[in-house]
Amino acid sequence: MSEPTPDADGESESGWIERTVHRAIRRPERLYRVLFYVAVLGFLFGTLFPLYWLLVIALTPRELLTTVGLTPNGFHWQSFIEVFEVVPFHMYVANSIMLALGTTAIVLVVASLAGYVFGRLEFPGRRPLLLVVLAISYFPPAAFFVPLYRLFAGNVSLLGLSSPNVLNTPAALLPPFTALFMPLAIFILTTFYAQIPDGLEDAARIEGTTRLGALVRVIIPLSAPGVATVAVLTFIYVYNEFFFSFLMTSGEFTDWSPLVYGIRNYQTQYTQLYNLMGAASLIGVVPVAILVAVAQEKIVSGLTAGALKE
Amino acid sequence: MSTEPASTGTDSEERRRSGPIVFLTRWIEGLSETQYAYLLLGPVFLILGLVAIWPLASTFEMSLHANSLTEPLGEFVGFDQYVGVLTGEKELVRPLFDLDYPLQSAIIVTFLFTVVSVAFETVLGFGQALILDRSFRGRRWVRVAIILPWAVPVVIQGMIFYLMFDPSVGFASAPLQQLGILADQPLNDSASSLLIVIVADIWKTSAFMALLILAGLQSVNRDLYDVAEVAGASRWQRFRRVTLPLILPAVLVAVLFRTIGAMRVYGLVVASDAGCSTVPTLSCLVVETLLSTNQYATAAAIAFITAVIIGVFVSVYIVRYAQEVV
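Top line first, the protein sequences correspond to chains V and H.
Numbering of the first sequence is given in the working numbering, commencing with residue 1 and proceeding in unit increments.
Numbering of the second sequence is given in the working numbering, commencing with residue 1001 and proceeding in unit increments.
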């Protein structure tokens, strides 16, 4: 990267610089290209270095963990096995994945209907309802927490029936996750559905298809990229979620506690296990890293096609 | 939509059939557009009603009552909780707004965090978006690398920066301490912790900005660049006169989303081990008031004050956004 002009090899140092400067003045395109690749490398370093450094920490033997620099002080790959022996970390990751899949399924079905209605139908109350959905996303998660906690703990009674205690089950986590990510899903799908030309739906209706038939056979297939985007985004967001994951579960993997507790268990119970924190963090990133690598087109082009195109 | 395999029947045949599905289909056909819209919105508002609107209403009700340890709701006190919290009469875990202790006041800390991190994220995200908008060899993998931090779970993001800035394990604190930027125990010092949390947030969410701005960039009609080039516009002029005005709406929406997100920050503060007592953001204040002092009515009032602050902060954008989305 440091040599902007590969054909300048073999020149003396000062001659090389002079020639490069002359060339840059005469042909600025080349300079732009060099600057471009410098910027690319800069961003790559910035985004990847913290993850690389987790690997450095993970590979450093415990007794050498002081001011770990850019390379590991040793090569203790066994950390990646010890991680699972100290804490059943895989179970926490599995819990997170199950919760994320469940939330994604609910959000997809419900937000698709809403996105269709807001994107394609004109009816009184459309704007106020959209604003209600938007306003929900202003509230800090803490504003929902107390009533929901009491509800799920079985302390709310309606008509003499008290709610069942569902803490430490998915029933206490899926509803708040759904509420948190539904507004964004509705907004993305609204813009997606709004882009489908009216003519297609009209044609299907004239052919004698029913309303629901047109929705299922014409509209939903055409908005598949939007639906896939919402699925990927919701999965990643739930896997990311901290607030309710942290406060609604006990911390035991048998109680559906997700990744949050898997990672934090190394911090609270075993304060010295820095290398295992590093190893566990890296393992915890793997599922989303795979998803980003596989579905990057969905994440990027999905947003490109829908979320912002006014 | 017919249940029979031979569904090639004409309208008149269809009408002769009966059964719940056909009945349902015909009933839906008979609805007006408004009724149909509300029918399809049913599930959304059922779910949002149960897990968002009811809890919010219930929280609001709590905020109008006194704290009570025995009863679900204390005595009705109207807006006394709000008055107490806003005037500073009510003793909180951390002050809401106190100029004598700026880095201990929730509003100032949240505001600093939001403004600084969103500003840096916008600039960096813009840079990343400009790179991703060009085609070059290996772009696919550069894009994966740039998006990756955004997908990293908050708890892991916090862990990374906790380890990096921990004076005994990490390498990042020592040079910054020599420059006098960080304190001896950075994660116990408000200014240092705030800085670390901001850096961690910029690392993770610049990519989100980049994606939304990239979406704006890619919706720009490429012909406009050709026209500008033919007209003799320089690279900078093309950027300044063509790109910037066209993607400004996308940038504004991205800033809106990030501002709402940044003002609700909680997980990062806890996960990075800075802790709510060192970096008391508004969300932190709600949780701490609730869990450490058990004053849930006061916590409810702070939660609503937070929402109002967020609402005011972004109302400029809502007006814009509401006009654009329709």
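For glycine and all other residues, C-beta sits at the position ideal for the given N, C-alpha and C.
The structure displayed is predicted, hence computed values, not measured ones.
Segment contact, 8 Å Cβ cut-off, at least three pairs: the stretch 242-251 of chain V with the stretch 131-147 of chain V: yes
field: H/L1182 in three-state terms, based on DSSP
entry: The residue labelled residue 1182 of chain H in the question sits at position 182 within the second sequence. The answer is coil: DSSP assigns H/L1182 none of H, G, I, E or B.
- request: Could you tell me if H/R1094 is buried or exposed, where buried requires 16 or more neighbouring beta carbons within 10 angstroms of its beta carbon?
  value: Position 94 of the second sequence holds residue 1094 of chain H. H/R1094 is buried by the Cβ-count criterion.
Of the listed residues V/A105, V/Q195, V/M182 and V/E122, nearest to H/Y1038 (C-alpha basis): In the second sequence, residue 1038 of chain H corresponds to position 38, counting from 1. Closest option to H/Y1038, Cα to Cα, is V/E122.
- request: Could you please give the first and the last residue of the uninterrupted alpha helix (DSSP H) stretch that includes V/D202?
  value: On the first sequence, position 202 is the one that residue 202 of chain V refers to. Per DSSP, V/D202 belongs to the alpha helix (DSSP H) from D198 to I206.
task: Look up H/M1001 in the DSSP assignment and say whether it is helix, strand or coil.
output: Taking the second sequence and counting its residues from 1, the one referred to as residue 1001 of chain H is at position 1. Unreliable placement is indicated for H/M1001, whose pLDDT of 43 sits below 50; no coordinate value is reported for it.
field: Min CB distance V/T67 to chain H below 9 Å
entry: As a first step, residue 67 of chain V must be located in the first sequence, where it is residue number 67. Yes, contact with chain H.
task: Give the range of the alpha helix (DSSP H) segment to which H/Q1237 is assigned.
output: Position 237 of the second sequence, counting from 1, holds the residue named residue 1237 of chain H. Run containing H/Q1237: R1235 to R1238, per the alpha helix (DSSP H) assignment.
- prompt: Taking the C-alpha atoms as reference points, what is the distance between V/G199 and V/A228?
  reply: Here residue 199 of chain V refers to the residue found at position 199 of the first sequence. Here residue 228 of chain V refers to the residue found at position 228 of the first sequence. So the alpha carbons of these two residues sit roughly 24 Å apart.
task: Have a look at V/P124 and H/T1034 and give me their C-alpha separation to the nearest angstrom.
output: By 1-based counting over the first sequence, the position of residue 124 of chain V is 124. By 1-based counting over the second sequence, the position of residue 1034 of chain H is 34. Cα to Cα, the separation comes out at about 7 Å.
- request: Take V/L51 as the anchor and find which of H/P1149, H/D1133, H/G1030 and H/T1122 has the nearest alpha-carbon.
  value: Here residue 51 of chain V refers to the residue found at position 51 of the first sequence. Ranking the options by Cα distance to V/L51, first place goes to H/P1149.
- prompt: List, in order along the chain, the chain H residues whose C-beta lies closer than 7 Å to that of V/V110?
  reply: The residue labelled residue 110 of chain V in the question sits at position 110 within the first sequence. The answer, in chain order, is P1043, V1044 and I1047.
field: Contacting residues, own chain, Cβ-Cβ under 7 Å from H/S1193 (five flanking each side not counted)
entry: In the second sequence, residue 1193 of chain H corresponds to position 193, counting from 1. Correct list, in chain order: P1186, L1187, A1274, T1278 and V1279.
- prompt: Pairing CB atoms from the stretch 53-68 of chain V with CB atoms from the stretch 29-39 of chain V, are three or more of them under 8 Å?
  reply: no
message: Check whether chain H comes within 9 Å of V/I220, counting only Cβ atoms and requiring the distance to be less than that.
response: Reading the first sequence from its first residue, position 220 is the one you call residue 220 of chain V. For V/I220, the answer is no, since every Cβ of chain H falls outside 9 Å of its Cβ.
message: With distance defined between alpha-carbon atoms, name the residue in H/T1243, H/I1305 and H/A1231 nearest to H/R1222.
response: By one-based count along the second sequence, residue 1222 of chain H stands at place 222. It is H/T1243 whose Cα lies nearest to the Cα of H/R1222.
- request: Could you tell me whether the Cβ of V/R211 comes closer than 9 Å to any Cβ of chain H?
  value: The residue given as residue 211 of chain V occupies position 211 in the first sequence. Judged by the 9 Å Cβ criterion, V/R211 is in contact with chain H.
- request: Compute the beta-carbon to beta-carbon distance between V/P170 and V/L99, rounded to the nearest angstrom, for a pair I have assumed lies under 8 Å.
  value: The sequence position of residue 170 of chain V within the first sequence is 170, counting from 1. The sequence position of residue 99 of chain V within the first sequence is 99, counting from 1. At roughly 6 Å, the Cβ-Cβ gap stays under 8 Å, so V/P170 and V/L99 are in contact.
message: Between the alpha carbons of H/V1312 and H/A1210, how many angstroms are there, rounded?
response: The count along the second sequence starts at 1 and reaches residue 1312 of chain H at position 312. The count along the second sequence starts at 1 and reaches residue 1210 of chain H at position 210. The straight-line gap from Cα to Cα measures roughly 25 Å.
message: I need the straight-line Cα distance from V/V156 to V/N240, nearest angstrom please.
response: Here residue 156 of chain V refers to the residue found at position 156 when the first sequence is read from its first residue. Here residue 240 of chain V refers to the residue found at position 240 when the first sequence is read from its first residue. Computed Cα separation, rounded: 29 Å.
- request: Kindly list, in the order they appear in chain B, the residues whose Cβ is closer than 7 Å to that of H/T1087.
  value: The chain inventory of the structure shown lacks chain B, comprising the protein chains V and H.
field: Residues within the stretch 1119-1134 of chain H neighbouring chain V, beta-carbon criterion of under 9 Å
entry: L1124, G1127, Q1128, L1130, I1131, L1132 and R1134
- request: Could you tell me the distance, in whole angstroms, from the CA atom of H/I1028 to the CA atom of H/A1151?
  value: Mapped onto the second sequence, residue 1028 of chain H falls at position 28. Mapped onto the second sequence, residue 1151 of chain H falls at position 151. If I take the Cα positions, the gap works out to 41 Å.
- prompt: Ends of the alpha helix (DSSP H) at H/D1201?
  reply: Within the second sequence, the letter at position 201 stands for residue 1201 of chain H. H/D1201 -> alpha helix (DSSP H) spans S1190 to Q1218.
message: Below 8 Å on the Cβ atoms is my contact criterion, and I expect V/Y266 with V/A280 to pass it. Report the Cβ-Cβ distance as a whole number of Å.
response: Position 266 of the first sequence, counting from 1, holds the residue named residue 266 of chain V. Position 280 of the first sequence, counting from 1, holds the residue named residue 280 of chain V. Yes, V/Y266 and V/A280 are in contact; Cβ-Cβ is about 6 Å, under 8 Å.
- prompt: Of all the CB atoms in chain V, is at least one closer than 9 Å to the CB of H/D1166?
  reply: Counting from 1 along the second sequence, the entry for residue 1166 of chain H is found at position 166. Yes, its Cβ sits closer than 9 Å to a Cβ of chain V.
message: By the three-class DSSP mapping on this structure, what secondary structure does H/F1171 have?
response: Translated into the one-based positions of the second sequence, residue 1171 of chain H becomes position 171. Note: H/F1171 maps to coil in three-state DSSP.
query: For chain V, is any of its Cβ atoms less than 9 Å away from the one on H/D1201?
result: Reading the second sequence from its first residue, position 201 is the one you call residue 1201 of chain H. Taking Cβ atoms only, chain V never reaches closer than 9 Å to H/D1201, which makes this a no.
query: Per the contact definition of three or more C-beta pairs closer than 8 Å, is the stretch 182-192 of chain V in contact with the stretch 123-141 of chain V?
result: yes
message: With H, G and I counted as helix, E and B as strand and the rest as coil, what does DSSP make of H/S1058?
response: Locating residue 1058 of chain H in the second sequence gives position 58, counting from the first residue. Helix at H/S1058.
task: Report yes if the CB atom of V/P140 is closer than 9 Å to the CB atom of H/Y1296, and no otherwise.
output: In the first sequence, the residue the question calls residue 140 of chain V occupies position 140. In the second sequence, the residue the question calls residue 1296 of chain H occupies position 296. No.
- prompt: In three-state terms, what does DSSP make of V/S163?
  reply: Here the question's residue 163 of chain V lines up with position 163 in the first sequence. Coil, per DSSP.
- request: Just the C-alpha distance for H/P1097 and H/D1080, rounded to the nearest angstrom, thanks.
  value: Indexing the second sequence from 1 puts residue 1097 of chain H at position 97. Indexing the second sequence from 1 puts residue 1080 of chain H at position 80. Sequence inspection shows Phe at residue 1097 of chain H; the Pro mentioned does not correspond to that position. Using only the alpha carbons, I get a separation of about 18 Å.
message: Three or more C-beta pairs under 8 Å: does that hold for the stretch 1258-1272 of chain H against the stretch 1100-1119 of chain H?
response: yes
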